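In this note's numbering, the protein residues as written are 98 to 279.
Each residue gets a CB set at the ideal place from its N, CA and C atoms; glycine is no exception.
All figures in this text were calculated on a predicted structure; none of them were measured in a lab.
First the structure, in the form of structure tokens, and then the observations on it.
Structure follows, in structure tokens:
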């Protein structure tokens, strides 16, 4: 219980620093292809235990893509999104990582083949402590509804945006992170 409370305090502190714009970042040029490969390799062992496959989908038409971001914080964001995708993707499902670019922005996406999120919850999904319902309440496992709020705060402090596209009953949820291209 004490460890869970410590983690919650650390998460709240991170959110407060991000909101106050006092969070120290190490912004650099991050290779998106290498990053997605790293995330796939890191999370595949967890996915395989539930027969879930993590695939890298559409990535940048053969040219290298780079973003301006704090690599460690971006890994934290993608890790949270992948952890959520693993939690809600059924056995034998898929998770897709992809990246696309415009002239000055890169969109990274994490899409799962889970059951989706009801549209009534989507406006609140990034709020601190927001839980969809009792069935999704994960407090006993140390999940307090802070992960997506942290993702949003970290992406915004790096000059980007994060959004979600989903519809309960339809297959999948997709989180999109848009960051400045480098």
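Excluding the five sequence neighbours on either side, which residues of its own chain have a C-beta within less than 8 Å of the C-beta of residue i, listed in chain order?
{"i": "residue 118", "result": "254"}
{"i": "residue 165", "result": "124, 125, 126, 127, 255, 256, 276, 277, 278 and 279"}
{"i": "residue 232", "result": "Because residue 232 carries a pLDDT of 48, less than 50, the predicted location of this residue cannot be relied on, and no value is offered for it."}
{"i": "residue 191", "result": "149, 150, 151, 152, 209 and 210"}
{"i": "residue 268", "result": "210, 211, 212 and 213"}
When you compare the CB positions of residue i and residue j, do they come within less than 8 Å of one another, or not?
{"i": "residue 214", "j": "residue 270", "result": "yes"}
{"i": "residue 222", "j": "residue 252", "result": "no"}
{"i": "residue 207", "j": "residue 175", "result": "yes"}
{"i": "residue 209", "j": "residue 227", "result": "no"}
{"i": "residue 109", "j": "residue 140", "result": "no"}
{"i": "residue 133", "j": "residue 219", "result": "no"}
{"i": "residue 181", "j": "residue 244", "result": "yes"}
{"i": "residue 104", "j": "residue 167", "result": "no"}
My assumption, with CB atoms under 8 Å, is that residue i sits in contact with residue j. Please give the rounded CB distance.
{"i": "residue 198", "j": "residue 278", "result": "6 Å"}
{"i": "residue 162", "j": "residue 129", "result": "4 Å"}
{"i": "residue 137", "j": "residue 149", "result": "Residue 137 to residue 149, Cβ: 12 Å. No contact."}
In the DSSP assignment, find the unbroken beta strand (DSSP E) run with residue i in it and report its ends.
{"i": "residue 142", "result": "Where residue 142 is concerned, there is no enclosing beta strand (DSSP E), although the alpha helix (DSSP H) it sits in stretches over 129 to 145."}
{"i": "residue 180", "result": "Taken as a continuous stretch (DSSP letters only), residue 180 belongs to no beta strand (DSSP E), being part of the alpha helix (DSSP H) at 168 to 185."}
Note down, in chain order, each residue of its chain lying with its Cβ closer than 7 Å to the Cβ of residue i, except the 5 sequence neighbours on either side.
{"i": "residue 246", "result": "112, 223, 224 and 225"}
{"i": "residue 114", "result": "120"}
{"i": "residue 248", "result": "174, 177, 178 and 259"}
{"i": "residue 250", "result": "112, 115 and 116"}
{"i": "residue 201", "result": "277 and 278"}
{"i": "residue 98", "result": "none"}
{"i": "residue 143", "result": "183"}
So, at 6 Å on beta carbons, what are the nonlocal neighbours of residue i in its own chain, with the 5 sequence-adjacent residues on each side left out?
{"i": "residue 74", "result": "The question about residue 74 has no answer, for the chain in this structure spans 98 to 279."}
{"i": "residue 272", "result": "178, 207 and 261"}
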